[in-house]
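Chains as they are written, first to last, in UniProt numbering: chain A, 1 to 317; chain B, 1 to 281.
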């Protein structure tokens, strides 16, 4: 098995901030908008260094999305920053009409996604955003797994023409992907090769999937681990190739099992090569207050849950 | 300035276009369209500094955004008669496979449209973004926006209105079509708008009124005054007093024709009140 080492826990939102800082220097067309969460989104550096290209909109997310759409008219590449809840559900119609249907080159950057937002509780812990965003025609949907990948994704989406939803989180998590990686939108990354079961994970669950693969290995089960950072467009080929080999699959995400990565994978399998699939995801529920670790445990979103699901998928083959 | 009589003729022809478009598909929004005919003709024929070829980025020209997208019939007619696409294409309004969707969109590539609208309350925000892009590009041209009055009931407008004043977006002229009507009735019955002028002023906008919003010369004069107010640190609001259904006697002063098409007989009557001046499509 390949060994992955945590180079030191870091938050994915800081990866976004670092990417935005770099874009500030390298791409004059990049502008940033924030709805009163500059510190939380790690946009301070961009704001300091490029005050003319930074728009503090206040607590007014609907206006922010509309303004971002307008800024593209004149060649700007707007990056909006707020929590995932306020980046999607709160402004769905603004995104739908002014950005997605209008085909605007806006990058919707969303932090504090999922239950790992922690103590603030369910009002802020959106578990429906991937579903909301993947349903919008033309929207690219990305959920990154660590600091390095989030930084790389931030740079990559600036080069992509069209609306993008980039989802990341609040807590400090293992940073294990290469610092110098090239981020290819829509291209899955195989992290472990295996023969018995496929573990397809996104976001914070990728590290958990790697831990699960090690545990499974100890039990004599060979798990293939795939990091699906792009939920849409989905890398169908990577999924089908792997399941063709293993015959069973677990999808893992910090999101409701309705509407998330799991359902997208299930559709691909149903259309091409049906196989037993288990869903590691929240079960149509809201979150609650707690530490990220407590919540991941309670809602079945960690390595142990993936191990259990993998065994179930194998048993169903 | 263009010959006023020519513009008056165009106003009548645009009214005919509006009526014929909605009649042909027995749907669409003639009331607000008719009320804003003079405004659109003034804007596209006289006020805006615009380029002949449509380019989405619109650098080096004035831009217009329609927030109340349901008055697409007047928008389409004036765009076509200003050279953005063939006038004959008005025949395809609301048809399958048409670029002239029920509500305007960029999705089908219709020249002249820069953002989709129809779901109300989004136009001022988009306009502010475009205005900020102009400032970043050192482009001294203006952004014009039209909103309905009932549309001001949407909360997003007030986020945008607060932003524009707080950030000195002074290359923006937002016109409010004050016809006092919305789908369910008079605005003062559905949800009173209160003192619209006072509200914009309290938010920090420079506000002026055009009392005779269906008189072409008054619209031209008022909008030129509005233009002169730009560049002085405040966004500019024009309160355009219009009559919904203007130019067709039985459609005026009522919300009944907000979203209803005339039948054959009604069309004939309406067209008789607006004899062909330029050529029908």
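Quick reminder that beta carbons are idealized off the backbone N, C-alpha and C, glycines included. From a predicted model like this one, the values you see are computed outputs, not experimental measurements.
Neighbouring residues, chain A, relative to residue 107 of chain B (Cβ below 8 Å): Position 107 of the second chain, counting from 1, holds the residue named residue 107 of chain B. Within chain A, the residues near residue 107 of chain B are 101, 102, 103.
Contact set for residue 123 of chain A: own chain, Cβ-Cβ below 8 Å, skip 5 residues either direction: Within the first chain, residue 123 of chain A is the residue found at index 123, counting from 1. Listed in chain order, the non-local C-beta contacts of residue 123 of chain A below 8 Å within the same chain comprise 85, local neighbours out to five positions each way being set aside.
Whole-Å CB distance - residue 81 of chain A paired with residue 29 of chain A, under 8 Å assumed: Position 81 of the first chain, counted from the first residue, corresponds to residue 81 of chain A. Position 29 of the first chain, counted from the first residue, corresponds to residue 29 of chain A. That belief does not hold up - the Cβ atoms of residue 81 of chain A and residue 29 of chain A are roughly 17 Å apart, past 8 Å.
Where the beta strand (DSSP E) through residue 78 of chain A begins and ends: Here residue 78 of chain A corresponds to residue number 78 of the first chain, with the count starting at 1. Note, residue 78 of chain A: beta strand (DSSP E), 77-83.
Supposed contact pair residue 35 of chain A and residue 61 of chain A - C-beta distance, whole angstroms, cut 8 Å: Mapped onto the first chain, residue 61 of chain A falls at position 61. Mapped onto the first chain, residue 35 of chain A falls at position 35. With 8 Å as the limit, residue 61 of chain A and residue 35 of chain A qualify as a contact, their Cβ atoms being about 5 Å apart.
Buried versus exposed, by CB contacts within 10 Å (16 or more), residue 192 of chain B: Taking the second chain and counting its residues from 1, the one referred to as residue 192 of chain B is at position 192. Exposed, since its Cβ has fewer than 16 Cβ neighbours within 10 Å.
Close-in-space but distant-in-sequence residues of the same chain around residue 174 of chain A (CB under 7 Å, 5 per side omitted): Residue mapping note: residue 174 of chain A aligns to position 174 of the first chain, counting from 1. Excluding positions up to five away in sequence, the list reads 6, 9, 146, 207.
Uninterrupted alpha helix (DSSP H) stretches inside the region 153-187 of chain B (no shorter than 4 residues): 156-166
Range covered by the beta strand (DSSP E) that runs through residue 29 of chain A: As a first step, residue 29 of chain A is located in the first chain; it is residue number 29 there, counting from the start. Neither: residue 29 of chain A is in no beta strand (DSSP E) and is coded neither H nor E.
Cβ-based neighbour list, residue 13 of chain A, same chain, cut-off 8 Å, excluding 5 preceding and 5 following: Residue 13 of chain A sits at position 13 when you count from the first residue of the first chain. Excluding positions up to five away in sequence, the list reads 40, 41, 42, 111, 112, 150, 168, 169, 170.
Chain A within 9 Å of residue 52 of chain B, Cβ atoms only: In the second chain, the residue the question calls residue 52 of chain B occupies position 52. With 9 Å as the cut-off, residue 52 of chain B does not count as an interface residue toward chain A.
Within-9 Å CB hit, residue 123 of chain B to chain A: By one-based count along the second chain, residue 123 of chain B stands at place 123. Residue 123 of chain B counts as touching chain A.
Residue from A:88, A:287, A:271 whose Cα sits closest to the Cα of residue 256 of chain A: For the purposes of this step, residue 256 of chain A is identified with residue 256 of the first chain, where counting begins at 1. Looking at the Cα atoms, A:287 is the closest of the given residues.
Residue 53 of chain A - containing beta strand (DSSP E), residue span: Within the first chain, the letter at position 53 stands for residue 53 of chain A. Residue 53 of chain A -> no beta strand (DSSP E), and no H or E assigned at all.
Where residue 318 of chain A sits in the DSSP three-state scheme: Since the first and last residues shown for chain A are 1 and 317, residue 318 of chain A lies out of range.
Outcome for residue 195 of chain A when other beta-carbon atoms lying within 10 angstroms are tallied against a minimum of 16: Reading the first chain from its first residue, position 195 is the one you call residue 195 of chain A. Classification of residue 195 of chain A: exposed, given that the 10 Å Cβ count is below 16.
Residue 193 of chain A burial status per 10 Å Cβ neighbour count (16 or more: buried): Locating residue 193 of chain A in the first chain gives position 193, where the first residue counts as 1. Its Cβ having fewer than 16 others within 10 Å, residue 193 of chain A is exposed.
Supposed contact pair residue 62 of chain B and residue 49 of chain B - C-beta distance, whole angstroms, cut 8 Å: For the purposes of this step, residue 49 of chain B is identified with residue 49 of the second chain, where counting begins at 1. For the purposes of this step, residue 62 of chain B is identified with residue 62 of the second chain, where counting begins at 1. About 5 Å separates the beta carbon of residue 49 of chain B from that of residue 62 of chain B, a gap short enough to meet the 8 Å contact definition.
Minimum Cβ-Cβ distance from residue 81 of chain A to chain B less than 9 Å: As a first step, residue 81 of chain A must be located in the first chain, where it is residue number 81. No, its Cβ sits nowhere closer than 9 Å to a Cβ of chain B.
Three-way DSSP call (helix, strand, coil) for residue 234 of chain B in this model: Here residue 234 of chain B refers to the residue found at position 234 when the second chain is read from its first residue. For residue 234 of chain B, the secondary structure class from DSSP, reduced to helix, strand or coil, is coil.
Anticipated Cβ contact below 8 Å, residue 362 of chain B with residue 67 of chain B, distance rounded: There is no way to answer for residue 362 of chain B, as the model of chain B reaches only from 1 to 281.
Bridge-paired residues (DSSP) for residue 241 of chain B: Reading the second chain from its first residue, position 241 is the one you call residue 241 of chain B. For residue 241 of chain B, which the question treats as bridged, DSSP gives the partners B:178.
Rounded C-alpha distance that separates residue 137 of chain B from residue 300 of chain A: Translated into the one-based positions of the second chain, residue 137 of chain B becomes position 137. Translated into the one-based positions of the first chain, residue 300 of chain A becomes position 300. Cα to Cα, residue 137 of chain B sits roughly 50 Å from residue 300 of chain A.
DSSP bridge partner residues for residue 224 of chain A (one or two, in chain order): Sequence index remark: in the first chain, residue 224 of chain A carries index 224 (1-based). Answer is A:198.
9 Å Cβ cutoff, residue 156 of chain B in contact with chain A: Here residue 156 of chain B refers to the residue found at position 156 of the second chain. Closer than 9 Å to some Cβ of chain A, the Cβ of residue 156 of chain B qualifies, so yes.
Cβ-Cβ distance between residue 177 of chain B and residue 242 of chain B below 9 Å: Here the question's residue 177 of chain B lines up with position 177 in the second chain. Here the question's residue 242 of chain B lines up with position 242 in the second chain. Yes. Within cutoff.
Three-way DSSP call (helix, strand, coil) for residue 260 of chain A in this model: The sequence position of residue 260 of chain A within the first chain is 260, counting from 1. Coil.
Top-ranked residue by Cα proximity to residue 253 of chain B, from B:260, B:261, B:259, B:244: To locate residue 253 of chain B, count along the second chain from 1; it is residue 253. If we check each option's Cα against that of residue 253 of chain B, B:244 comes out closest.
Inter-residue spacing [alpha-carbon to alpha-carbon] between residue 23 of chain B and residue 281 of chain B: Your numbering for residue 23 of chain B matches position 23 in the second chain. Your numbering for residue 281 of chain B matches position 281 in the second chain. Their backbone Cα atoms lie some 14 Å apart in a straight line.
Nearest to residue 136 of chain A (by Cα), restricted to the options A:115, A:127, A:165, A:154: As a first step, residue 136 of chain A is located in the first chain; it is residue number 136 there, counting from the start. Checked all of A:115, A:127, A:165, A:154; the closest Cα to residue 136 of chain A is A:165.
Environment of residue 319 of chain A [buried if 16+ CB atoms lie within 10 Å]: Shown here, chain A extends from 1 to 317; a query on residue 319 of chain A therefore has no answer.
Selection of the region 125-139 of chain B by Cβ proximity to chain A, strictly under 9 Å: 125, 126, 127, 128, 129, 130, 131, 132, 133, 134, 135, 136, 137, 139
Partner residues on chain A for residue 114 of chain B, Cβ-Cβ distance less than 7 Å: Against the second chain, residue 114 of chain B aligns to sequence position 114. Simply 73.
C-beta neighbour in chain A for residue 163 of chain B, strict 9 Å: Along the second chain, read from residue 1 onward, the residue named residue 163 of chain B stands at position 163. Residue-level contact check: residue 163 of chain B touches chain A, since one or more beta carbons of chain A fall below 9 Å from its beta carbon.
Within chain A, the residues that residue 82 of chain B reaches when beta carbons sit closer than 9 Å: The residue given as residue 82 of chain B occupies position 82 in the second chain. By Cβ distance, chain A contributes nothing, its closest Cβ being about 19 Å from residue 82 of chain B, past 9 Å.
Rounded Cβ spacing between residue 228 of chain A and residue 198 of chain A (contact assumed at less than 8 Å): Position 228 of the first chain, counted from the first residue, corresponds to residue 228 of chain A. Position 198 of the first chain, counted from the first residue, corresponds to residue 198 of chain A. Between residue 228 of chain A and residue 198 of chain A a beta carbon distance of about 11 Å is seen, past the 8 Å cut, so the two are scored as non-contacting.
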